[in-house]
Structures are given as C-alpha cells and as structure tokens.
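Just so you know, we're using this note's numbering here: the sequence shown kicks off at 1 and counts up by one.
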Amino acid sequence: MIEFAEIQTLNALVYSMLLFILALGLSLTFGLLRVVNLAHGSFFMFGSYIAITIWNYTGSFVLSAIGAAVIVGVIGALLERLWLRHFYTRGPLDQVILTFGFALVMIDVAKMLWGKDILSLAAPALLSGSVEIADTSFPQYRLFLIAVGLVLFLCTWLAIERTQIGALIRATVSDRFMVGGLGFDVFGLFTVSFGFGAALAGLGGALGAPLLGAYPGLDFDVLITTLIVVVVGGLGNITGAFWSSLLIGFSETCGKALIPQLASFIIFMVMATALLVRSLRLPDEEAD
Numbered sequence: 001m002i003e004f005a006e007i008q009t010l011n012a013l014v015y016s017m018l019l020f021i022l023a024l025g026l027s028l029t030f031g032l033l034r035v036v037n038l039a040h041g042s043f044f045m046f047g048s049y050i051a052i053t054i055w056n057y058t059g060s061f062v063l064s065a066i067g068a069a070v071i072v073g074v075i076g077a078l079l080e081r082l083w084l085r086h087f088y089t090r091g092p093l094d095q096v097i098l099t100f101g102f103a104l105v106m107i108d109v110a111k112m113l114w115g116k117d118i119l120s121l122a123a124p125a126l127l128s129g130s131v132e133i134a135d136t137s138f139p140q141y142r143l144f145l146i147a148v149g150l151v152l153f154l155c156t157w158l159a160i161e162r163t164q165i166g167a168l169i170r171a172t173v174s175d176r177f178m179v180g181g182l183g184f185d186v187f188g189l190f191t192v193s194f195g196f197g198a199a200l201a202g203l204g205g206a207l208g209a210p211l212l213g214a215y216p217g218l219d220f221d222v223l224i225t226t227l228i229v230v231v232v233g234g235l236g237n238i239t240g241a242f243w244s245s246l247l248i249g250f251s252e253t254c255g256k257a258l259i260p261q262l263a264s265f266i267i268f269m270v271m272a273t274a275l276l277v278r279s280l281r282l283p284d285e286e287a288d
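Printed below as a string of structure tokens:
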C-alpha cells in the first residue's frame, strides 16, 4: 500500500508538471492578450509530432525538444501576427471561433503530414534507467520532467517579477493603452508573448511524447484539462497556474487509480468547488 501511494504521488507530480508547462503558456497568453486560445492544445500536438520527426533524422532528444519549441513558437507568432491581431477589437466569441478554426486546420495538417497512426518517441538514453526512491523503482525520465516543470516555474516567476520585461508585461496586463501611450510596442510584445506561449506548448509536447505519444486528437485531450487548470488557478496568474496544476494533476491521477469511473467527474468537481470558493470570497475582498 505504501509503495502504491509513492508511485501514484510521483506519477501525479509528473502529470502536474506537464499540465503546468501547457497551462503556463496559455495563462501568459490570456493574461496579456485577453484571448482564450483554443489552438493551444494543437501547439502541444505539433510539438510532439515535430520532436518525433527531428528524432528520426538526428537521433538527438535535445535537438528534438529545442527544434519543436522553436518551430511551434514561430508558428504561433505567425498566427498572431497574420490573423489573431486583427481580432483584438472584436468580441470574445469571434476570437474563440478563430482559434477553434486554427485547431481544426492543424488537426487536418497533422493527418496529412504524419497520418492517423499513433507515433512514439523513446526517452533519451541518458534518462532511460530507473532510480530507487524509498524501495520504489521510478523512471529517471519522469523525475527529469518534474525537475523541468519546477525550473520553468522558478525561471518564469523570476522573469515576470524581477526583470524589466516582466514589469512591462505586468503593466500591459493592467493597462495596455497606457503602456502603448508611453511609446512601447505593445503589439510586438503581444507577438513575442504569443510565440513564447506556443513554444512552451511545443516544448511540452516534445517532453510528453515519450509518455503520451502523438496522434490526432491529442490536442483536445490535453486542452480541456489545461483550460480547467487555468480557470482554477486564475486567468493570467502564473503562481496560481502552478498550484492549480498540482491540484488537478493529483486529483485526476489519484482518481484514475482509485475510482477510475469517476475520474473525470472529480476534476470537474474540483473546478466547480474552486470557483464557488472564489465567488464567495469576492464580496469580502470588495468590502475590504
């Protein structure tokens, strides 16, 4: 029983960090651009496919992960620059329909380029072994994913809270018109931020490929849970996204292990409870 609890805890941490990498990009995108990007899961899927393709040609996992992040980041920046930028003044429904259209197109492109079969990527040889943790054998690669998630959280938090570009991003989130009036290129910042969020999703897809593989439909499988993480953590809140990823990751992992028939219900119940608690706290905060 103790060994089972240890394994599930570690698996939950792995899943939570993957969720956080995805939610981080989506949270940044929404916090700055005020756009709910339904194509974010497609960036994750493309990252998986691109990483597998680069791996087949080079045999290097590092190049696969970097290449996936860079290529998907460029794709995201182009989508923002050529199409999404023209919808900032439109209603949220138009933006949702546009990004949903991106997602549908990217699914068809993926089927055209890579087919409908499930593709897989092997973990790097350096991390292919196992580590003994309290008499429990656990794959090194999964521990590596936990470390990557923690490092990304720390680096992003420091960048947002302790650097000049972070201050500019926070100011733009608060009042983009004021920042633009001071002479800063707000739209350029939007493009870079959207591309960075897409690159994070692409990196997540590359890192998740050894665990999840790549297949058409992977995008919507991860998108729904990621949206729940962002909603529970608070739209545009990086720290909230991290703790929310842990909450949802543990809830879903433990739910599937203990009561699999109610696993989906559990995460939606957690989301509903978090929103209810937040709504009850808002009147008190306004009173203060």
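Positions of the beta carbon are idealized from the N, C-alpha and C atoms, including for glycine.
Secondary structure of residue i, DSSP reduced to three states
i: Val36; result: coil
i: Leu119; result: strand
i: Asp94; result: helix
i: Tyr88; result: coil
i: Asp221; result: helix
i: Ser60; result: coil
i: Gly73; result: helix
i: Trp289; result: Residue numbering for the chain in the displayed model covers 1 to 288; residue 289 lies beyond these limits and cannot be assessed.
i: Asp288; result: With a pLDDT of 49 at Asp288, under the threshold of 50, the modelled position of this residue cannot be trusted; read the value that follows with caution. Coil, per DSSP.
i: Asp108; result: helix
Opening and closing residue of the beta strand (DSSP E) in which residue i lies
i: Ile133; result: 130-133
i: Thr136; result: 136-139
Reference residue i, options the options, closest by Cα
i: Leu13; options: Ser279, Phe242, Ile266, Gly202; result: Phe242
i: Thr136; options: Pro210, Phe44, Val270, Thr9; result: Thr9
i: Leu78; options: Ser193, Ala209, Met17; result: Ser193
i: Gly76; options: Gly25, Pro124, Trp55; result: Gly25
Contact check, residue i vs residue j, beta carbons under 8 Å
i: Gly233; j: Ser244; result: yes
i: Val186; j: Ala23; result: no
i: Ile238; j: Trp114; result: no
i: Ala167; j: Val179; result: no
i: Ala206; j: Ala51; result: yes
i: Ala5; j: Ala199; result: no
i: Ala214; j: Ser27; result: no
Residue i versus residue j - alpha carbon distance
i: Thr226; j: Leu121; result: 22 Å
i: Asp288; j: Arg176; result: Bear in mind that a pLDDT of 49 at Asp288, under 50, signals an unreliable position, so the number given afterwards is only what the model happens to contain. Going by the C-alpha atoms only, they are around 27 Å apart.
i: Thr273; j: Val222; result: 21 Å
i: Phe100; j: Ser174; result: 27 Å
i: Leu189; j: Ala134; result: 47 Å
i: Ile21; j: Gly204; result: 6 Å
i: Leu145; j: Met17; result: 7 Å
i: Val270; j: Arg90; result: 32 Å
i: Val109; j: Glu3; result: 43 Å
i: Ile248; j: Leu262; result: 14 Å
N- and C-terminal bounds of the alpha helix (DSSP H) containing residue i
i: Gly213; result: Run containing Gly213: none; DSSP gives neither H nor E here.
i: Ala171; result: 164-174
i: Trp243; result: 238-258
is_contact[residue i, chain D] using C-beta, thresh 8 Å
i: Leu203; result: The chain labelled as chain D is not found in the depicted structure, where only one protein chain is given.
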